[in-house]
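Just below is one structure, and these are the notes that go with it.
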Amino acid sequence: MSARLDPRRIQRALVCMMFDPSYAALVRGDGSVTELTAGERAVLRGVDPRGLTTDDMRRARALHVILDEYPVSAALIGVEVVDRFFESAAFRACVFDRGSMALGFGRDYLVALADRLQGVGAIETAMASARRVERPRSPGLGCAPGVAPVCVPDGTLAWYQRARERLGPDPVQALTKLRKPWPNKPPRTGLEHLLIEAKRDGGLALGTASAGLVGLLIAAERPRPRAELVTVAIELGAAADEADELLDDLIADGLLSQ
């Protein structure tokens with residue numbers, strides 16, 4: 010890492026310090042902090058510690074956002090485990106990369122908890138992704154903004170919908186009253202293919218879809234050359250002379266964009 014001072018890195022480290030006192034102590038200490046230069050740490054050591062605690066509700070507000078987007082995951086792992094996200098490497102990576110906090114929570118932090126969550130975390134992560142219809146444009150053909158394909162154990166969608174209903178109209182309030190994580194186990198076997206789409210009214214449509222369609226859209230989550238997606242479509246069962254037309258149909262249906 011260059012020894013020069015990067016104001017952006019300093020600012021992002023400061024954000025992490027505001028959320029996590031243990032990280033603030035690490036920055037001020039002698040241990041290794043690979044994302045910062047010695048000069049940047051010197052600047053951060055000069056920050057008045059009292060300035061890091063002027064907003065004592067900062068972390069609580071951020072936790073509320075996560076609980077609102079991942080209510081069933083939170084019920085399964087417990088609110089305390091969700092709150093520890095702000096002390097994790099996944100949170101710091103999100104801040105330093107200027108990523109979405111909600112997506113960083115789902116894609117990185119929940120990975121270590123996959124055995125407890127099974128497909129529930131994947132569904133709520135896909136929902137968080139579908140809500141974020143504003144995405145950077147990249148060359149190639151890819152999933153349209155607001156579209157999120159996902160594969161989960163068979164029966165997970167129905168299980169998830171029942172669990173979400175159990176939390177009621179105000180899931181965050183219900184979670185704050187939860188004394189311990191739910192003992193309920195989500196489905197673990199089989200496979201179902203889901204498609205989650207953002208609606209114009211701000212809601213989400215969740216439903217099952219064919220394995221071929223979901224597989225193709227998963228392959229297109231990162232935009233790629235059209236010819237590559239034609240090959241994927243054929244591998245997934247499309248007729249060779251119809252694969253190109255299939256992509257045109259998916260573009261017309263708003264599932265792919267270029």
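The working numbering numbers the first residue of the sequence shown as 10 and each following residue consecutively. Cβ atoms here follow ideal geometry from the backbone N, Cα and C, with glycine treated the same way. Model, not experiment: these values are computed from the prediction.
{"Item": "Might you give, ordered along the chain, the residues of its own chain that have their beta carbon closer than 7 Å to the beta carbon of residue 153, omitting 5 neighbours on each side?", "Value": "263, 264, 265 and 266"}
{"Item": "Please specify which runs of the alpha helix (DSSP H), each continuous and at least 4 residues long, are wholly inside the region 44 to 81, giving them in chain order.", "Value": "47 to 54 and 67 to 78"}
{"Item": "Nearest-angstrom Cα distance between residue 178 and residue 91?", "Value": "20 Å"}
{"Item": "On a Cα-Cα basis, can you pick out the residue from 31, 67, 75 and 207 that is closest to residue 143?", "Value": "207"}
{"Item": "Can you list the alpha helix (DSSP H) stretches of 4 or more residues lying completely in the region 203 to 260, in chain order?", "Value": "220 to 228 and 235 to 244"}
{"Item": "Just grab the DSSP bridge partners of residue 151 for me.", "Value": "266"}
{"Item": "Determine the extent of the beta strand (DSSP E) in which residue 158 is found, giving its start and end residues.", "Value": "156 to 161"}
{"Item": "In terms of residues, what are the limits of the alpha helix (DSSP H) holding residue 168?", "Value": "165 to 176"}
{"Item": "When DSSP labels each residue in this structure, what does residue 201 get in the three-state scheme?", "Value": "strand"}
{"Item": "Rounded to a whole number of angstroms, what is the C-alpha to C-alpha distance between residue 139 and residue 193?", "Value": "26 Å"}
{"Item": "So, residue 93 versus residue 150, is the Cβ gap smaller than 8 Å?", "Value": "no"}
{"Item": "Closer than 7 Å by C-beta to residue 191: which residues in its own chain qualify, once you throw out the five before and the five after it? Chain order, please.", "Value": "84 and 85"}
{"Item": "In angstroms, rounded to a whole number, what distance separates the CA positions of residue 167 and residue 49?", "Value": "50 Å"}
{"Item": "By alpha-carbon positions, which one of 229, 156 and 243 ends up nearest to residue 132?", "Value": "156"}
{"Item": "Are there 16 or more other CB atoms within 10 angstroms of the CB of residue 126, so buried, or fewer, so exposed?", "Value": "buried"}
{"Item": "Contact defined as beta carbons within less than 8 Å: I believe residue 221 pairs with residue 245. What is the distance between those atoms, to the nearest angstrom?", "Value": "4 Å"}
{"Item": "Out of 185, 158, 32 and 104, which one is the CA nearest neighbour of residue 87?", "Value": "185"}
{"Item": "With distances taken Cα to Cα, identify the nearest neighbour of residue 209 among 170, 96, 141 and 259.", "Value": "141"}
{"Item": "In chain order, what residues of the same chain lie with their CB nearer than 8 Å to the CB of residue 77, ignoring the 5 residues before and after it?", "Value": "180 and 181"}
{"Item": "Suppose you measure from the CA of residue 112 to the CA of residue 134; what does that come to, to the nearest Å?", "Value": "7 Å"}
{"Item": "Give the secondary structure of residue 90 by DSSP, where H, G and I count as helix, E and B as strand, and everything else as coil.", "Value": "helix"}
{"Item": "So residue 216 and residue 226 are supposed to be a Cβ contact under 8 Å. How far apart are they, rounded?", "Value": "Incorrect: roughly 13 Å between the Cβ atoms, too far for contact."}
{"Item": "On the criterion of 16 or more Cβ atoms from any shown chain inside 10 Å, does residue 13 qualify as buried, or is it exposed?", "Value": "exposed"}
{"Item": "Return the CA-CA distance between residue 57 and residue 37, expressed in angstroms with no decimal places.", "Value": "11 Å"}
{"Item": "According to DSSP, is residue 31 part of a helix, a strand, or is it coil?", "Value": "helix"}
{"Item": "Residue range of the alpha helix (DSSP H) that residue 182 falls in?", "Value": "180 to 185"}
{"Item": "If we ignore side chains and look at the alpha-carbon of each, how far apart do residue 101 and residue 165 end up?", "Value": "31 Å"}
{"Item": "When you compare each of 124, 105 and 79 to residue 115 by their alpha carbons, which one comes out closest?", "Value": "79"}
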